[in-house]
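K.L.:
The sequence shown lines up with residues 5 to 201 when you count with the numbering used here.
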Amino acid sequence: MAQKRIDNLDYSVVEQIAEHYKSILTLIGEDVERDGLKKTPMRAAKALAYLTSGYRRNPAAVLRSAIFDYSGSKMVIVRDIEFYSLCEHHILPFYGHISIGYIPDGGIVGLSKIARLVEVFARRLQVQERLTKEICNALSDILNTTGVIVYCEAEHLCMKMRGVEKEDSVTSTIEYDGVFSDAAYRQEFFNLLHIKK
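#1: Looking at the unbroken alpha helix (DSSP H) that takes in Ser69, where does it start and where does it end?
#2: Following the continuous beta strand (DSSP E) through Asp181, name the residue where it begins and the one where it ends.
#3: Taking DSSP as the reference, what is the three-state secondary structure of Ser77?
#4: Going by C-alpha to C-alpha distance, which of Leu13, Asp14, Lys42 and Asn12 sits closest to Tyr25?
#5: For the stretch 113-162, list the alpha helix (DSSP H) runs that are entirely contained and at least 4 residues long, ordered along the chain.
#6: If you compare alpha carbons, which of Gly151, Gly105 and Thr44 is closest to Leu197?
#7: Ser103 lies in the beta strand (DSSP E); which residues open and close that run?
#8: Exposed or buried, which one is Tyr59 when buried takes at least 16 other CB atoms within 10 Å?
#9: Can you tell me the Cα-Cα spacing of Ser103 and Val154, whole angstroms?
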């Protein structure tokens with residue numbers, strides 16, 4: 005009989021994480037036996053398994069499952085892909101939208117696979133800069149393109165609810181390769197997104 009798994013993580017590991025959450029709650033002064041908290045350690049462990057499920061997914065396998073021969077488009081853009089991730093410095097959420105453009109060189113990928121690729125990398129402990137680069141690199145390495153560009157805009161709870169507490173701050177990152185090293189291609193991408201850069 006196959007061992008029970010939660011988001012592709014062994015159930016025994018999830019149980020261990022729950023025990024650690026129980027210890028943490030006790031250390032901060034909570035009573036883990038009170039009604040509201042009795043099931044919290046396991047709920048938190050299951051949530052963490054889901055929020056880090058990207059470690060257990062292969063980005064190449066995600067993309068290669070839907071690559072098709074095609075060379076007709078000058079630029080393909082999937083814009084405003086929402087994502088939620090956890091900052092590796094404080095394990096607090098950051099979230100926003102990612103827009104991706106690429107120029108096919110004999111092949112295209114199913115549009116949903118681009119969104120799934122974002123999830124693979126967002127569902128890990130991250131920093132926004134690396135998230136943007138990993139998505140760009142994966143598309144460049146796996147898909148035949150003449151260039152890839154990734155634009156990410158996000159809000160970070162580690163800046164909003166602790167530390168400097170700047171509630172309105174937004175961070176933008178961009179990564180590109182190939183023909184997008186040419187400013188004219190980048191400008192075309194941003195024009196199509198209706199963003200002035």
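Here a beta-carbon is modelled for each residue, glycine too, at the ideal position from N, C-alpha and C.
P.N.:
Answer, in terms of the structure:
#1: Here residue 69 refers to the residue found at position 65 of the sequence shown. Segment: none, Ser69 is in no alpha helix (DSSP H) and carries neither H nor E.
#2: As a working mapping, residue 181 is identified with position 177 in the sequence shown. From DSSP, the beta strand (DSSP E) with Asp181 extends over Thr175 to Gly182.
#3: Residue numbering aside, residue 77 sits at position 73 when the sequence shown is read from its first letter. Coil, per DSSP.
#4: For this step, residue 25 is matched to residue 21 along the sequence shown. Restricting attention to Leu13, Asp14, Lys42 and Asn12, the CA atom closest to the CA of Tyr25 is found in Lys42.
#5: Unbroken alpha helix (DSSP H) stretches of 4 residues or longer found wholly inside the stretch 113-162: 115-126 and 132-146, given in chain order.
#6: As a position in the sequence shown, residue 197 is number 193, starting the count at 1. Ranking Gly151, Gly105 and Thr44 by Cα distance to Leu197 puts Gly105 first.
#7: Along the sequence shown, read from residue 1 onward, the residue named residue 103 stands at position 99. Ser103 -> beta strand (DSSP E) spans Pro97 to Pro108.
#8: In the sequence shown, the residue the question calls residue 59 occupies position 55. Exposed.
#9: Numbered from its first residue, the sequence shown carries residue 103 at position 99. Numbered from its first residue, the sequence shown carries residue 154 at position 150. Straight-line spacing of the CA atoms in Ser103 and Val154 works out to 6 angstroms.
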